[in-house]
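Structure first, then comments.
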Amino acid sequence: MRVSEFSTDGLPAQDRFPGWIESVERSLTPSRVHSEQNDFRGWVRTVELDNVQISTMAYSPLIIRRSAQHIRRSDPEAYQVNLILSGQGWTAHAGGEAVISAGEFVLFDTSRPYEGRRICAPDTACGIVVEIPRALLPLPPTMVSPLVGASFSERQGIGAVFLRWLTNLDRHATEFTAADEPSLGSITVELLVAVLSHQLDDAGTTSPESHRRVLRVRVRDYVKQRLSDPNLSPTAIAAAHQISLRHLYQIFDDEDVTLSAWIRHQRLENCRRDLADPRLASRPVHAIASRWGFTDAAHFSRSFRTAYDMPPSVYRKLTLTGQPTQRSTSTVHK
870 MRVSEFSTDG LPAQDRFPGW IESVERSLTP SRVHSEQNDF RGWVRTVELD
920 NVQISTMAYS PLIIRRSAQH IRRSDPEAYQ VNLILSGQGW TAHAGGEAVI
970 SAGEFVLFDT SRPYEGRRIC APDTACGIVV EIPRALLPLP PTMVSPLVGA
1020 SFSERQGIGA VFLRWLTNLD RHATEFTAAD EPSLGSITVE LLVAVLSHQL
1070 DDAGTTSPES HRRVLRVRVR DYVKQRLSDP NLSPTAIAAA HQISLRHLYQ
1120 IFDDEDVTLS AWIRHQRLEN CRRDLADPRL ASRPVHAIAS RWGFTDAAHF
1170 SRSFRTAYDM PPSVYRKLTL TGQPTQRSTS TVHK
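When you read off a place in the sequence shown, starting at 1, and then add 869, the result is the number in our numbering.
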């Protein structure tokens, strides 16, 4: 997977800010950025998922402005989500102003001017910026427009799910391959849609389809937190969300695989990553399988062979010795 990093560490003071700006503008929409700090420090790490860019960054205090001139010169026609991890800031965008602090996010439209100030200590991550082309979002611009420029909480509910996904994606980016990019990008878009739909729901403007997307994201997050539970089942999931089993199946009707197959795929992928982890080389295969909810070693071995074209023990040997495997991601069987 494409991951790029830049840090001002080790650079002369006069080269730090220009170098940081150059790195940021390679992945994010151009804007005018100014810093009053003579000793600017910062870093940025960008993960690219097809057309979706996710940048985690730290920086000394900044002033940011994207003018009409910038827009005429370059406009990717995208939405930009700024999630605040530490510090605080102020933004003016789409006719409104917002004061933002850690645990909040604000939505920008790159086709509209904005300005803001961010205050943060550069020794810790200040925030995450997600840039997604508007065309990828299955919500009409007229529906999203009221949310542009407003701040929202990421401390609980679906906002917290979105933040957890982004931080984990940044933390484990090097564990994925280029083949994983499309699915990871799709999940990121789906989570953002769920976050925005939830905000629209609070305003009473969501459609039944938006409700379904939000519930689907919540179910998936619930499942991912409980993959180690061998008793995890569609019946248990439906009960936990206070919906009928039929309703649970309906929210996954337009997916390529059944809910049960998706759960199995998630478990197998976690097993695959553990088997390829040198730190877990001494852990028995059956223990790894059990960790992710497989109670029958023979059943796990058959499922793994079907998904990856080889037994788990062979996959582990090949990956730990640096030998190529036929494929690094599984095929999801209905």
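Glycine included, every Cβ here is placed at the ideal spot set by N, Cα and C.
Nearest to residue i (by Cα), restricted to the options the options
i	options	result
Q922	P1153, E1000 and T1057	E1000
S1022	E1124, V1064 and I933	V1064
W1161	Q1111, G1191 and V1092	V1092
I940	S980, G888, A1130 and L918	S980
E1158	Q1094, C1140, T925 and G964	The amino acid at residue 1158 is misidentified as Glu; the sequence shows Ala. Cα-wise, what sits closest to A1158 is C1140.
T1190	E984, S1052, A1150 and I1106	A1150
L976	Y948, C995 and I988	Y948
A1047	N920, P899 and L1084	N920
L937	S929, E984 and G972	Correcting the residue identity first, residue 937 is Ala in this sequence and not Leu. Per the Cα distances, E984.
E1059	H1080, A1042 and S929	H1080
V1062	V1013, E973 and S900	V1013
S1097	Q1135, F909 and Y1118	Q1135
T1057	E1044, P1077, T1043 and R1082	R1082
S943	V893, P899, Q1192 and P991	P899
P1084	L1117, H903, E966 and P1099	For the sequence presented, residue 1084 should be read as Leu rather than Pro. Of the listed residues, the one whose Cα sits closest to L1084 is L1117.
P1153	I1112, W1131 and R1185	R1185
L1053	V950, H1067 and L1035	L1035
D908	R895, P991 and A1109	P991
Proximal residues to residue i (C-beta, below 6 Å), its chain only, five neighbours per side dropped
i	result
S1102	none
L1128	P1103 and F1121
E917	R871
S873	T915
V1183	none
V968	W959
D1090	V1030
R987	L931 and G958
P1099	G1162 and T1164
Chain-order list of residues whose beta-carbon lies under 7 Å from that of residue i (same chain, five-residue window excluded)
i	result
S970	I953 and Q957
S876	W912
T993	A927 and S955
E1050	M870, L918 and D919
R934	S900, R901 and E984
E1044	R1142
A1042	M870, V872 and V916
H962	F977, R981, Y983, V1017 and G1018
L1032	L952 and E1023
Q1192	none
Residue i: CB within 7 Å of a non-hydrogen atom of the ligand SAM
i	result
S936	In the structure shown, the ligand SAM is absent, as is every other ligand, since no ligand is present at all.
Three-state secondary structure assigned by DSSP to residue i
i	result
R1003	helix
F1169	helix
S1197	Caution is warranted here: a pLDDT of 47 is assigned to S1197, below 50, making its placement in the model unreliable, and the coordinate value is therefore given only provisionally. S1197: coil per DSSP, three-state reduction.
V902	strand
S876	strand
G1162	coil
V1086	helix
R895	coil
F886	helix
F1031	helix
V998	strand
R871	strand
S1020	strand
H1041	coil
R1185	helix
Q1068	helix
R1095	coil
L1008	coil
T1046	coil
G1026	helix
G1054	helix
P1206	Nothing about residue 1206 can be read from this structure; the chain reaches only from 870 to 1203.
P1077	helix
Residues near residue i by beta carbon distance below 8 Å, same chain, minus five either side
i	result
E946	T979, S980, P1002, R1003 and A1004
D1039	R914, V916, I923, T925 and I997
S1172	R1133, L1137 and F1163
H1155	A1166 and F1169
G964	G1018
Could you say if the region 874 to 883 and the region 1012 to 1028 meet the contact criterion of at least three C-beta pairs nearer than 8 Å? Contact fails between the region 874 to 883 and the region 1012 to 1028, because fewer than three Cβ pairs, one in each stretch, are under 8 Å apart.
Complete runs of the alpha helix (DSSP H) confined to the region 909 to 993 [at least 4 residues]: Listed in chain order, the complete alpha helix (DSSP H) runs (minimum 4 residues) inside the region 909 to 993 are 937 to 942.
Report yes or no: do the region 1022 to 1034 and the region 887 to 896 share at least 3 C-beta pairs separated by less than 8 Å? Contact between the region 1022 to 1034 and the region 887 to 896 is absent: fewer than 3 CB-CB pairs across the two stretches fall below 8 Å.
Uninterrupted beta strand (DSSP E) stretches inside the region 1097 to 1182 (no shorter than 3 residues): None, since the region 1097 to 1182 contains no complete beta strand (DSSP E) of that length.
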